[in-house]
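In this note's numbering, the protein residues as written are 1 to 266. Just so it is clear, CB atoms sit at the ideal spot from N, CA and C, and this is done for glycine as well. Owing to the predicted nature of the structure, the values given are computational and were not obtained by experimental measurement. Here is the structure we will look at.
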């Protein structure tokens, strides 16, 4: 596959998935929407936030990063399942895939373009939302608060941005693993709801067998020496865990290619 064909296939995938990606990106920010509605609807909350001490504001922002990162690792994974379920199956069911395969392109290149772009979008949903949640909260603080200024707050917020980005980096790796698994299932099943159901079962099994140790490995570093919440070590994860997660994702991609090459499509 030459670069010209690759760009055409990637552009096709982007045109077909850009609105879905935007919708999911907005869905991945429930804390932002809940906070915004609470401030706009209740004047008491608005006044409390305006006069809240700067130290308390920073603690609230820190808690938002923590809560958003936990959302991505729990409910966010199920959203990734839903996001990936129709990656291939919907085009097979609607027979749109045949119009693409009639072009001078291989099945390998078509599936690779789908995986590359949708996988990157899934990674962005998991990896960037802790940071974007923090940025949205920071902008809101600067617009509303009477106790926090840009000059005084930057030294507190900048380390939080680094922590949010560090946390998101490996959250994204976990998201790509789940995406890759459901992506391979979307090749097997021609109905998107079937691949979504199988993906939900797989994620539930993941939480059943590994969820407790995974959650504890996340929460334990977040505790300070005196039991207080801290993000300093919250983004740390073992290299072995990242390596295993990436190997599973690569294995699922290879499996999806094998299945797609052998799939009978009439």
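- Cα-Cα separation, residue 249 to residue 52: For residue 249 and residue 52, the distance between alpha carbons rounds to 45 Å.
- Message: Quick check on DSSP: helix, strand or coil for residue 267?
- Response: Limits of the chain in this structure are 1 at one end and 266 at the other, which puts residue 267 out of reach.
- In terms of residues, what are the limits of the alpha helix (DSSP H) holding residue 177? Note, residue 177: alpha helix (DSSP H), 150-188.
- Item | Counted within 10 angstroms of its Cβ, other Cβ atoms place residue 75 as buried (16 or more) or exposed | When all chains shown are included, residue 75 counts as exposed.
- Say whether the region 63-70 touches the region 126-146, bearing in mind that this needs 3 or more beta-carbon pairs closer than 8 Å, one atom from each stretch. Touching, per the Cβ criterion.
- Item | Boundaries of the alpha helix (DSSP H) in which residue 25 is found, first to last residue | Judged by DSSP secondary structure, residue 25 falls within the alpha helix (DSSP H) whose first and last residues are 3-27.
- Item | Local Cβ density within 10 Å of residue 208, reported as buried at 16 or more and exposed below that | By the neighbour-count rule (16 or more Cβ atoms within 10 Å), residue 208 is not buried but exposed.
- Message: Please classify residue 113 as buried or exposed, where buried requires at least 16 neighbouring CB atoms within 10 angstroms.
- Response: Looking at its Cβ environment, which holds 16 or more other Cβ atoms inside 10 Å, residue 113 is buried.
- Message: Can you confirm whether residue 158, when its beta carbon is compared against all beta carbons of chain D, has any partner nearer than 8 Å?
- Response: Looking at the structure shown, chain D is missing, and only one protein chain is on hand.
- Item | Residues near residue 181 by beta carbon distance below 7 Å, same chain, minus five either side | The beta carbon of residue 181 lies closer than 7 Å to those of 199, 202 and 252 in the same chain, with the five residues before and after it left out.
- Message: Three Cβ pairs or more, each shorter than 8 Å: is that satisfied between the region 108-122 and the region 77-92?
- Response: Verdict: yes, contact present.
- Message: For residue 270, report the span of its alpha helix (DSSP H) as first-last.
- Response: Outside the shown range of the chain, which is 1 to 266, sits residue 270, and nothing can be said about it.
- Quick one: what does DSSP say residue 102 is sitting in, helix, strand or coil? Residue 102: coil per DSSP, three-state reduction.
- Contact belief for residue 206 with residue 175 at Cβ below 8 Å, rounded distance in angstroms: Contact doesn't hold; Cβ gap of about 12 Å is too wide.
- Item | Spatially closest choice to residue 60 from 193, 162, 192 and 138, by CA coordinates | Of the listed residues, the one whose Cα sits closest to residue 60 is 138.
- Item | Beta-carbon separation (whole angstroms), residue 118 vs residue 5, contact threshold 8 Å | That belief does not hold up - the Cβ atoms of residue 118 and residue 5 are roughly 18 Å apart, past 8 Å.
- Inter-residue Cα distance where the pair is residue 43 and residue 50: When rounded, the distance between both Cα atoms is 10 Å.
- Task: Return helix, strand or coil for residue 95, following the three-state DSSP convention.
- Result: Correct three-state label for residue 95: coil.
- Report yes if the C-beta distance between residue 177 and residue 81 is below 8 Å; otherwise report no. Going by C-beta atoms, residue 177 is not nearer than 8 Å to residue 81.
- Query: Quick one, which of 162, 158, 168 and 86 has its alpha-carbon nearest residue 191's?
  - Reply: It is 86.
- Message: If you measure between the beta carbons of residue 261 and residue 166, is that distance less than 8 Å?
- Response: Taking 8 Å as the cut-off, the beta carbon of residue 261 is found no closer than this to the beta carbon of residue 166.
- Message: Quick check: what's the CA-CA separation for residue 71 versus residue 157?
- Response: One C-alpha to the other measures close to 21 Å.
- Message: Is the separation between the beta-carbon of residue 101 and that of residue 68 shorter than 8 Å?
- Response: No.
- On the three-state DSSP scale, how would you describe residue 74? Coil at residue 74, not helix or strand.
- Hey, quick one: how far does the alpha helix (DSSP H) through residue 41 stretch, first residue to last? Where residue 41 is concerned, the enclosing alpha helix (DSSP H) stretches over 30-41.
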